[in-house]
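Below: one structure, written as structure tokens.
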Amino acid sequence: MRLGVLGSLLVVNDAGGQVPLPVRQRTLLAALLVRANQAVPMGELTELVWDGTPPHGAPRTLRTYVVRLRRAVGPAVAARILTRDPGYLIRVEPAELDTLQFEALCGRAGAALRAGAWAKAADASASALALWRGEPLLDIPGQVLRDEFVSRLDHLRVQALEDHAEAQLRLGRHEQLVPRLRELTGTYPLRERFHAQLMLALARADRQAEALEAYQHARRVLIEQLGVEPGPQLRDLHQRILAGDGGVQATAHEQGATTVAAATSVAVPRQLPAAAGHFTGRHAELDALTGLLAHTGQGGGAVVISAIGGMAGVGKTALAVHWAHKVAGRFPDGQLYVNLRGYDTGDPARATDVLEGFLRTLGVGGQSIPADEAQRASLYRSLLAGRRMLIVLDNARAADQVRPLLPGTPGCLVLVTSRDALAGLVAREGAVRVELDALALDEATRLLRALIGSRATADPTATAALAECCCRLPLALRIAAELAAARPTVSLSALVDELTDRQRRLDMLHADGDTATAVREVFSWSYRHLDEEAARAFRLLALHPGVDFDPFAAAALTGTDLPQAHRLLDRLARAHLVQTTGAGRYAIHDLLRAYGRDLAAIKDCDAQSHAALTGLFDYYLFTAAEAVNTLYPSEASRRPEIAAPDGPVPAVAEAAEALAWLDAERANLVAAALQTAQDGWPSHTARLSAVLFRYLSMEYISEARVIHGLGREAAARLGDTVAEATALRYLGNIDFVQARYAQADDLYHQALDLMYEAGDTRGQAFTLFSIATIERHQARYPQAIGHYQQVLDLGRALGDWLTEARARDGLGLMHLYQGHY
1 MRLGVLGSLL VVNDAGGQVP LPVRQRTLLA ALLVRANQAV PMGELTELVW DGTPPHGAPR
61 TLRTYVVRLR RAVGPAVAAR ILTRDPGYLI RVEPAELDTL QFEALCGRAG AALRAGAWAK
121 AADASASALA LWRGEPLLDI PGQVLRDEFV SRLDHLRVQA LEDHAEAQLR LGRHEQLVPR
181 LRELTGTYPL RERFHAQLML ALARADRQAE ALEAYQHARR VLIEQLGVEP GPQLRDLHQR
241 ILAGDGGVQA TAHEQGATTV AAATSVAVPR QLPAAAGHFT GRHAELDALT GLLAHTGQGG
301 GAVVISAIGG MAGVGKTALA VHWAHKVAGR FPDGQLYVNL RGYDTGDPAR ATDVLEGFLR
361 TLGVGGQSIP ADEAQRASLY RSLLAGRRML IVLDNARAAD QVRPLLPGTP GCLVLVTSRD
421 ALAGLVAREG AVRVELDALA LDEATRLLRA LIGSRATADP TATAALAECC CRLPLALRIA
481 AELAAARPTV SLSALVDELT DRQRRLDMLH ADGDTATAVR EVFSWSYRHL DEEAARAFRL
541 LALHPGVDFD PFAAAALTGT DLPQAHRLLD RLARAHLVQT TGAGRYAIHD LLRAYGRDLA
601 AIKDCDAQSH AALTGLFDYY LFTAAEAVNT LYPSEASRRP EIAAPDGPVP AVAEAAEALA
661 WLDAERANLV AAALQTAQDG WPSHTARLSA VLFRYLSMEY ISEARVIHGL GREAAARLGD
721 TVAEATALRY LGNIDFVQAR YAQADDLYHQ ALDLMYEAGD TRGQAFTLFS IATIERHQAR
781 YPQAIGHYQQ VLDLGRALGD WLTEARARDG LGLMHLYQGH Y
């Protein structure tokens with residue numbers, strides 16, 4: 001069986017025949033396929049099938065359409081269309097549906113590029129593009145369904161085109177690429193990466209004059225259509241071609257990751273999260289935001305900032321992300337996004353860490369990222385100069401957290417969301433306030449009608465009352481709508497009476513009757529209707545210390561297998577108690593996280609919560625160790641052996657898989673190190689430091705400093721002298737790669753003293769080698785020779801040929817530097 005939506009809707013049965021469908025059944029099947037393996041609520045399906053205007057009695061008619069659809073597609077496909085409260089679900093294997101294959105292949109291509117596996121990246125991106133049969137949902141008339149689904153796939157396809165061209169360039173196939181890149185620059189004239197790839201391909205094919213003409217053409221297009229000059233990467237590549245830079249001529253095999261290749265290999269960042277479905281209202285605010293665009297890209301003036309304020313749950317993030325997606329095309333150099341976690345249960349994100357992440361996204365290698373926050377901010381502003389980028393800083397705590405993240409020149413627009421008024425940004429940086437209040441009553445009821453369907457349309461009085469019970473806050477409205485959809489036999493009026501009665505009793509206990517209390521009651525209203533297994537899962541998932549998590553982490557926390565974790569996450573997602581963030585990951589709104597942790601403190605004993613978190617930390621520690629051993633197998637014996645956890649773990653046996661997992665979970669590993677260090681798992685902290693050293697050592701300086709610092713403290717508490725000394729050496733390596741030699745030398749000598757105390761001969765050899773390397777870099781050759789000789793003697797005594805070889809190499813260099821040929 002094959003199913004497809006990348007073009008006209010395609011249904012091929014087991015006999016190999018294509019199945020034609022009438023328009024309504026076709027639209028219904030498409031609506032299920034774009035949410036494959038997820039239950040689609042009845043209210044949402046009616047909106048999609050009737051393109052936003054479902055008739056009276058739409059749910060009853062929809063059930064008839066489902067029956068007809070099952071009959072039309074034949075038994076093999078019909079068996080996959082399941083009734084799942086509160087709607088329907090189609091069960092599809094990844095190999096059976098083109099969109100699932102397409103997304104997986106795009107992800108594989110990106111991971112291969114990051115890992116330097118050019119041939120794998122070329123094959124994966126080519127396979128992804130081969131699945132594209134035309135505009136997605138080509139024969140589906142409904143615009144609501146197309147608006148919600150097609151643009152995301154279009155973005156993925158363009159990224160796949162860029163990745164495929166990048167991989168081909170890296171493989172030296174520049175001559176064959178030229179015709180295709182000319183076509184792509186014509187189709188996507190504002191995508192500067194295609195122009196850069198064309199210029200590079202022409203230059204490497206010894207067609208420098210054409211490469212320079214390609215730049216002039218790109219410049220004319222950008223000036224005519226946007227009124228701006230090309231970005232700095234394109235200009236830099238133009239200058240290198242003019243200067244006859246040999247690096248431009250080299251093939252990818254010859255040059256590896258040079259600066260010129262970086263001009264095309266650093267993907268244009270597209271970091272915006274998925275937009276919320278059924279976004280409603282906010283017309284005045286959207287118009288105000290759009291009006292700010294007139295101030296960007298001009299020759300002078302300050303950067304425009306929009307600080308979107310408002311209480312928790314009012315929809316600040318939804319508004320920012322919805323608008324950002326609408327205007328993304330006006331910022332061809334990309335979009336940066338970060339959740340600053342200003343009001344999360346953990347510590348807010350530090351500006352210095354966010355800067356490191358942004359700099360890496362913009363193509364700066366880890367060793368080139370300054371240690372000082374002010375220097376990072378300066379480099380960040382330099383990289384943004386001349387670019388047209390949209391930067392979304394979500395959930396800020398205070399103005400000081402935001403200031404280092406602001407560009408210094410026009411052309412970029414920064415969107416800040418916060419519960420705080422951020423008055424300092426308004427006063428000092430000229431921020432424009434967009435104050436967000438609860439939805440207007442008509443907007444709130446429109447959202448409920450879209451989410452619930454005909455029951456809300458049929459009883460406008462009850463719908464309005466439900467909106468008021470939810471304080472017209474989008475987060476609460478979505479949760480209440482899901483509960484209403486999940487109880488189709490209960491009238492909307494009865495549900496409203498139930499909620500109103502409970503809120504009335506709460507108001508008697510809480511005289512102020514504030515909004516937070518009312519919204520919390522909406523949460524409890526939804527939580528009480530979960531089965532016990534799902535309720536327990538919600539409480540335990542709220543304990544997760546990171547920003548988001550995958551089903552494997554959910555399985556570790558809840559002590560379930562992977563299929564059951566998927567089912568629990570689907571159940572909680574339908575109840576809007578967790579939200580999908582794309583690529584199989586989930587998050588919990590900070591209000592819901594706090595609510596879930598309160599419930600865990602009441603419902604679960606400390607031992608139960610501790611056991612759940614231990615399962616999570618075991619999972620992270622073991623999978624991190626397996627991934628690092630895959631990437632750096634020659635050093636596996638130097639890392640601690642980690643026992644396998646009880647639950648499932650992802651496949652990380654291939655380099656691309658291992659790197660993709662570590663990159664996706666890096667922030668969670670830092671969060672795990674913080675919590676294990678603070679709350680009673682010091683052994684996990686110390687071993688995380690030892691496991692992650694090589695992965696973090698060269699590229700992820702801030703994360704390395706945090707984890708190894710925590711590892712050192714944890715090892716000291718455990719009385720593990722060798723682990724403490726090892727963490728000190730790791731911290732010294734961080735200072736060394738940033739040329740902070742005095743600090744590194746001090747840390748190395750502290751580590752050496754502990755190694756002597758513990759009698760760890762191998763650790764002494766490693767640390768002495770590090771000390772000698774610092775002395776070599778400072779031209780203290782006699783001292784370096786003495787320490788290299790000590791390493792050589794220790795390597796011989798240990799029978800460690802690798803340590804002996806490294807010492808001989810160091811000694812040889814010292815004699816070479818002194819002219820002792």
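Numbering-wise (my numbering), the sequence shown opens with residue 1 and increments by one.
Quick reminder that beta carbons are idealized off the backbone N, C-alpha and C, glycines included.
All values derive from a computational prediction rather than experimental measurement.
(request) Evaluate T83 with the Cβ neighbour count: other Cβ atoms within 10 Å of its Cβ, from every protein chain shown; 16 or more gives buried, anything less gives exposed. (result) For the purposes of this step, residue 83 is taken as the residue at position 83 of the sequence shown. Residue environment: T83 is assigned as exposed (fewer than 16 neighbouring CB atoms within 10 Å of its CB, all protein chains considered).
(message) On the DSSP bridge list, what partners appear for G4?
(response) Position 4 of the sequence shown, counted from the start, is the residue given in the question as residue 4. Beta-bridge pairing links G4 to L10.
(request) Determine the direct distance from the alpha carbon of L69 to that of A484, and round the result to whole angstroms. (result) Position 484 of the sequence shown, counted from the start, is the residue given in the question as residue 484. Position 69 of the sequence shown, counted from the start, is the residue given in the question as residue 69. One Cα belongs to A484, the other to L69, and the distance between them is close to 26 Å.
(request) Please report how far the alpha carbon of T803 lies from the alpha carbon of F766, in whole angstroms. (result) Counting from 1 along the sequence shown, the entry for residue 803 is found at position 803. Counting from 1 along the sequence shown, the entry for residue 766 is found at position 766. Cα to Cα, the separation comes out at about 8 Å.
(message) Tell me the DSSP secondary structure of L190 in three-state form.
(response) Start at 1 with the first residue of the sequence shown, and residue 190 comes out as number 190. Residue state, collapsed to three classes: coil.
(message) Starting from L69, trace the beta strand (DSSP E) in both directions and tell me its first and last residue.
(response) In the sequence shown, the residue the question calls residue 69 occupies position 69. Segment A58 to V73 is the alpha helix (DSSP H) holding L69; no beta strand (DSSP E) there.
(message) Quick check on the burial criterion: 16 or more other C-beta atoms within 10 angstroms. Buried or exposed for C106?
(response) Here residue 106 refers to the residue found at position 106 of the sequence shown. When all chains shown are included, C106 counts as buried.
(message) So the candidates are A377, D420 and A476; which of them puts its Cα closest to the Cα of A444?
(response) The residue labelled residue 444 in the question sits at position 444 within the sequence shown. For the residues A377, D420 and A476, the minimum Cα distance to A444 belongs to A476.
(request) Determine the DSSP secondary structure at N37, reduced to helix, strand or coil. (result) Here residue 37 is taken as the residue at index 37 of the sequence shown, counted from 1. The answer is coil: DSSP assigns N37 none of H, G, I, E or B.
(message) Starting from T83, trace the beta strand (DSSP E) in both directions and tell me its first and last residue.
(response) Along the sequence shown, read from residue 1 onward, the residue named residue 83 stands at position 83. Taken as a continuous stretch (DSSP letters only), the beta strand (DSSP E) holding T83 covers I81 to R84.
(message) When you compare the CB positions of A535 and L492, do they come within less than 8 Å of one another, or not?
(response) The sequence position of residue 535 within the sequence shown is 535, counting from 1. The sequence position of residue 492 within the sequence shown is 492, counting from 1. Their beta carbons are not under 8 Å apart, which means A535 does not touch L492 by this criterion.
(message) Nearest by alpha-carbon distance to A423: which of A399, S689 and G411 is it?
(response) Your numbering for residue 423 matches position 423 in the sequence shown. Comparing Cα-Cα distances from A423 to each of A399, S689 and G411, the minimum goes to A399.
(message) Considering Cα atoms alone, identify which of P648, G759 and L768 is closest to D746.
(response) Here residue 746 refers to the residue found at position 746 when the sequence shown is read from its first residue. With respect to the C-alpha of D746, the residue from P648, G759 and L768 having the closest C-alpha is L768.
(request) Could you check the C-alpha separation between A740 and G732 for me, to the nearest Å? (result) Residue 740 sits at position 740 when you count from the first residue of the sequence shown. Residue 732 sits at position 732 when you count from the first residue of the sequence shown. Per the sequence shown, the amino acid found at residue 740 is Arg instead of Ala. If you take the alpha carbons of R740 and G732, they lie about 9 Å apart.
(message) According to DSSP, simplified to helix, strand and coil, what is G87?
(response) Locating residue 87 in the sequence shown gives position 87, where the first residue counts as 1. G87 falls in the strand class under three-state DSSP.
(message) Which residue wins for smallest C-alpha separation from R567, given the options R91, L293, E626 and R433?
(response) Stepping through the sequence shown from its first residue, residue 567 is reached at position 567. Among R91, L293, E626 and R433, the Cα nearest to that of R567 belongs to R91.
(request) Quick one: grab the DSSP three-state call for S491. (result) The count along the sequence shown starts at 1 and reaches residue 491 at position 491. Of the three classes helix, strand and coil, the one that applies to S491 here is coil, per DSSP.
(request) Out of A30, Q25, R433 and Q38, state which residue places its alpha-carbon closest to the alpha-carbon of T64. (result) Translated into positions along the sequence shown, residue 64 becomes position 64. Cα-wise, what sits closest to T64 is Q25.
(message) Less than 8 Å between the beta carbons of D570 and Q38, yes or no?
(response) The count along the sequence shown starts at 1 and reaches residue 570 at position 570. The count along the sequence shown starts at 1 and reaches residue 38 at position 38. Contact: yes.
(request) Taking only the alpha-carbon atoms, compute the straight-line gap between A104 and A111 and give it to the nearest angstrom. (result) Your numbering for residue 104 matches position 104 in the sequence shown. Your numbering for residue 111 matches position 111 in the sequence shown. A104 and A111: Cα-Cα distance of roughly 11 Å.
(message) Just to check my reading of the structure: L390 and A328 have Cβ atoms closer than 8 Å, yes? What is that Cβ distance to the nearest angstrom?
(response) Within the sequence shown, residue 390 is the residue found at index 390, counting from 1. Within the sequence shown, residue 328 is the residue found at index 328, counting from 1. Going by Cβ atoms, the distance from L390 to A328 rounds to 7 Å, so yes, they are a contact pair.
(message) Buried or exposed for S454, going by 16 or more other Cβ atoms inside 10 Å?
(response) Residue numbering aside, residue 454 sits at position 454 when the sequence shown is read from its first letter. S454 comes out buried.
(message) Whether or not the segment 711-730 and the segment 672-690 are in contact is what I'm after, with contact meaning three or more pairs of Cβ atoms, one per stretch, closer than 8 Å; do they touch?
(response) yes
(message) Please state whether the Cβ-Cβ distance between L557 and L616 is less than 8 Å.
(response) Looking up residue 557 in the sequence shown gives position 557. Looking up residue 616 in the sequence shown gives position 616. Their beta carbons are under 8 Å apart, which means L557 touches L616 by this criterion.
(request) State the CB to CB distance for the pair T280 and R446, rounded to an integer number of angstroms; the pair is presumed to be in contact (CB under 8 Å). (result) Along the sequence shown, one-based indexing puts residue 280 at 280. Along the sequence shown, one-based indexing puts residue 446 at 446. Confirmed, about 5 Å.
(request) Please determine, among A421, F552 and V496, the residue with the shortest C-alpha to C-alpha distance to D459. (result) Along the sequence shown, read from residue 1 onward, the residue named residue 459 stands at position 459. The residue with the shortest Cα to Cα distance from D459 is V496.
(request) Check whether the Cβ atoms of A374 and T409 sit closer than 8 Å, and answer yes or no. (result) On the sequence shown, residue 374 is found 374 positions in, with the first residue counted as 1. On the sequence shown, residue 409 is found 409 positions in, with the first residue counted as 1. No. Outside cutoff.
(request) Please state whether DSSP places A440 in a helix, a strand or coil. (result) As a working note, residue 440 is residue 440 in the sequence shown. Coil, per DSSP.
(message) Distance check for A209 and G334, CA to CA, integer angstroms please.
(response) Translated into the one-based positions of the sequence shown, residue 334 becomes position 334. Translated into the one-based positions of the sequence shown, residue 209 becomes position 209. Cα to Cα, G334 sits roughly 29 Å from A209.
(message) Tell me the rounded alpha-carbon separation between V490 and H529.
(response) Taking the sequence shown and counting its residues from 1, the one referred to as residue 490 is at position 490. Taking the sequence shown and counting its residues from 1, the one referred to as residue 529 is at position 529. If I take the Cα positions, the gap works out to 13 Å.
(request) Could you pull the start and end residues of the beta strand (DSSP E) that Q335 belongs to? (result) Translated into positions along the sequence shown, residue 335 becomes position 335. Per DSSP, Q335 belongs to the beta strand (DSSP E) from Q335 to N339.
(request) Tell me, please, whether the segment 168-181 touches the segment 118-129 by the rule of three or more beta-carbon pairs shorter than 8 Å. (result) yes
(message) Once the 5 residues before and after R219 are set aside, which same chain residues still bring their CB inside 6 Å of it?
(response) To locate residue 219, count along the sequence shown from 1; it is residue 219. Only P230 meet the Cβ criterion.
(message) Quick check on V573: does DSSP put it in helix, strand or coil?
(response) In the sequence shown, counting from the first residue as 1, residue 573 sits at position 573. According to the sequence displayed, residue 573 carries Ala and not Val. It is helical.
(request) Taking only runs that begin and end inside the segment 573-652, name each unbroken alpha helix (DSSP H) of 4 or more residues, in chain order. (result) 590-603 and 606-631
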